[in-house]
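Student:
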Amino acid sequence: MDSPYPIDTGFDGHVHTYLCNHARGTMEEYVIAAINKGLHSLCFLEHLELGITYHQKSWLNEEDFAIYFKEGARLKEVYKDQLTILLGVEAGYNPEMHAQFSNVLKAHPWDRIGLSYHFYRIRDKHFNLLSRKPDSLAILIEQGPNLILEAYFASLLDALQIMERCDVVCHLDACLRHTPEGRLSEKNDIQIDTILDIMQQKQIALEVNTSGFALRKTPFPEATILNRAMKRGIVLVPGSDAHDPQQVGRYFGQLDDYLQTAFNLQM
Ligand SMILES: [Zn+2]
Ligand SMILES: [Zn+2]
Numbered sequence: 042m043d044s045p046y047p048i049d050t051g052f053d054g055h056v057h058t059y060l061c062n063h064a065r066g067t068m069e070e071y072v073i074a075a076i077n078k079g080l081h082s083l084c085f086l087e088h089l090e091l092g093i094t095y096h097q098k099s100w101l102n103e104e105d106f107a108i109y110f111k112e113g114a115r116l117k118e119v120y121k122d123q124l125t126i127l128l129g130v131e132a133g134y135n136p137e138m139h140a141q142f143s144n145v146l147k148a149h150p151w152d153r154i155g156l157s158y159h160f161y162r163i164r165d166k167h168f169n170l171l172s173r174k175p176d177s178l179a180i181l182i183e184q185g186p187n188l189i190l191e192a193y194f195a196s197l198l199d200a201l202q203i204m205e206r207c208d209v210v211c212h213l214d215a216c217l218r219h220t221p222e223g224r225l226s227e228k229n230d231i232q233i234d235t236i237l238d239i240m241q242q243k244q245i246a247l248e249v250n251t252s253g254f255a256l257r258k259t260p261f262p263e264a265t266i267l268n269r270a271m272k273r274g275i276v277l278v279p280g281s282d283a284h285d286p287q288q289v290g291r292y293f294g295q296l297d298d299y300l301q302t303a304f305n306l307q308m
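Written out as structure tokens, the structure is:
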């Protein structure tokens with residue numbers, strides 16, 4: 042049976058490249074992988090972070106983005122008959138960098154702006170909430186998962202309120218990625234509902250991030266949140282969050298069934 046809530050799985054809305062320093066593969070390798078998988082569209086959604094103190098740069102700086110746009114323009118031209126290529130940004134929000142954040146987002150001709158939140162500051166250092174590195178995990182758990190989860194959703198909410206343009210919210214519940222002990226509290230659920238309300242008002246899409254299938258057998262976010270998004274008529278877009286060309290379009294074949302189940306949940 043067709044899903045009552047169709048999702049365009051010919052489009053992968055979220056891939057990374059070697060430019061972010063923690064993925065492999067050139068932009069062209071991702072384009073070729075997308076064509077070989079039979080996709081009609083591919084969106085690069087490269088990492089942008091501002092004012093983060095971290096042991097390695099795992100995002101693009103201005104020089105990297107210059108290469109990104111130049112190579113992206115070349116690929117759009119070369120492959121125009123085979124694939125629609127979008128050059129987007131996964132804008133990582135830092136609550137302490139409001140003004141700079143808005144300025145950088147305005148300064149480039151992004152095809153798509155995705156919002157995410159990765160880095161949480163404790164004293165003078167940032168910790169990646171979505172990292173699986175044991176040391177950063179230990180410190181985050183020591184802070185208390187509730188505090189961290191509340192800060193995560195509060196930051197997304199803050200970002201959505203100040204952003205002049207946001208097209209898609211990335212991997213909404215990925216804060217649970219490596220903290221299986223962490224559960225969403227009632228307060229988190231209220232925060233998520235507020236986020237979804239704003240997305241509905243501003244017509245911002247929700248990403249169904251299939252990297253979750255590898256880690257916990259469901260996408261980010263999982264079914265109960267997807268159900269609440271669907272009830273609000275929020276558009277869902279698939280994203281593989283590929284950090285290797287082989288991961289383009291990963292698990293997309295499971296999305297129709299998963300969304301059907303999410304749609305049918307009695308809540
Ligand atoms: Zn990444
Ligand atoms: Zn990503």
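FYI, in this note's numbering the residues of the sequence shown are 42 to 308.
In this text, a Cβ means the ideal position worked out from N, Cα and C, and glycines have one as well.
Please read all numbers here as calculations on a predicted model, not as lab measurements.
#1: Would you report the Cα separation of ILE163 and LEU188, rounded to the nearest angstrom?
#2: Does DSSP put ILE231 in a helix, in a strand, or in coil?
#3: Between ARG153 and GLY54, is the Cβ-Cβ spacing less than 9 Å?
#4: Where does GLY113 sit, in a helix, a strand or coil, going by DSSP?
#5: Residues in the same chain with beta-carbon distance under 7 Å from LEU306, minus the five sequence neighbours each way, listed in chain order, please.
#6: What would DSSP say about SER196, mapped onto helix, strand or coil?
#7: Near ASP282, what residues of its chain come up, given a Cβ to Cβ distance below 6 Å and the 5 sequence neighbours on each side ignored?
#8: Do the region 108–123 and the region 295–302 make contact, defined as three or more Cβ pairs closer than 8 Å?
#9: If you measure from the CB of SER99, is any heavy atom of ligand 1 nearer than 8 Å?
#10: Looking at ASP49 and VAL289, is the spacing between their C-beta atoms short of 9 Å?
#11: Does the distance from the CB of LEU190 to the CB of ILE239 come in under 9 Å?
#12: In chain order, what are the residue ranges of uninterrupted beta strand (DSSP E) at least 3 long that sit wholly in the region 97–177?
#13: Drop a sphere of 10 angstroms on the beta-carbon of MET308, count the other beta-carbons inside from all chains shown, and report buried for 16 or more, exposed for fewer.
#14: Is CYS207 close to ligand 2? I mean its beta-carbon at under 8 Å from any heavy atom of the ligand.
#15: Between the C-alpha atoms of ASP43 and TYR120, what's the straight-line distance to the nearest angstrom?
#16: Who are the near neighbours of MET138 in its chain, counting only those whose CB is closer than 7 Å to its CB and skipping five residues on each side?
#17: Could you tell me whether any non-hydrogen atom of ligand 2 is closer than 8 Å to the CB of LEU91?
Tutor: Reading from the atomic positions:
#1: Computed Cα separation, rounded: 12 Å.
#2: If DSSP states are grouped into helix, strand and coil, ILE231 belongs with the helices.
#3: Their beta carbons are under 9 Å apart, which means ARG153 touches GLY54 by this criterion.
#4: Look at GLY113 here: in three-state DSSP terms it is helix.
#5: Take LEU306, set aside five residues on each side of it, and the residues of its chain with a beta-carbon closer than 7 Å to its own are ALA264, THR265 and ASN268, in chain order.
#6: Helix.
#7: Once the five neighbours on either side are set aside, the close Cβ partners of ASP282 are HIS55, ASN250 and SER252.
#8: No, they do not touch.
#9: Checking the Cβ of SER99 against ligand 1 gives yes.
#10: For VAL289 and ASP49, no; Cβs fall outside 9 Å.
#11: No; because the gap between Cβ atoms is not below 9 Å, this pair is not in contact.
#12: Fully enclosed beta strand (DSSP E) runs of 3 or longer: 125–133, 153–157, 160–163 and 166–169.
#13: By the neighbour-count rule (16 or more Cβ atoms within 10 Å), MET308 is not buried but exposed.
#14: With a cut-off of 8 Å, the C-beta of CYS207 is classified as distant from ligand 2, since no heavy atom of the ligand falls inside that distance.
#15: With a pLDDT of 49 at ASP43, under the threshold of 50, the predicted position of this residue should be treated as unreliable, though the coordinate-derived value follows. Their backbone Cα atoms lie some 31 Å apart in a straight line.
#16: The answer, listed in chain order, is LEU91 and GLY92.
#17: Because no heavy atom of ligand 2 lies under 8 Å away, the Cβ of LEU91 does not count as near it: no.
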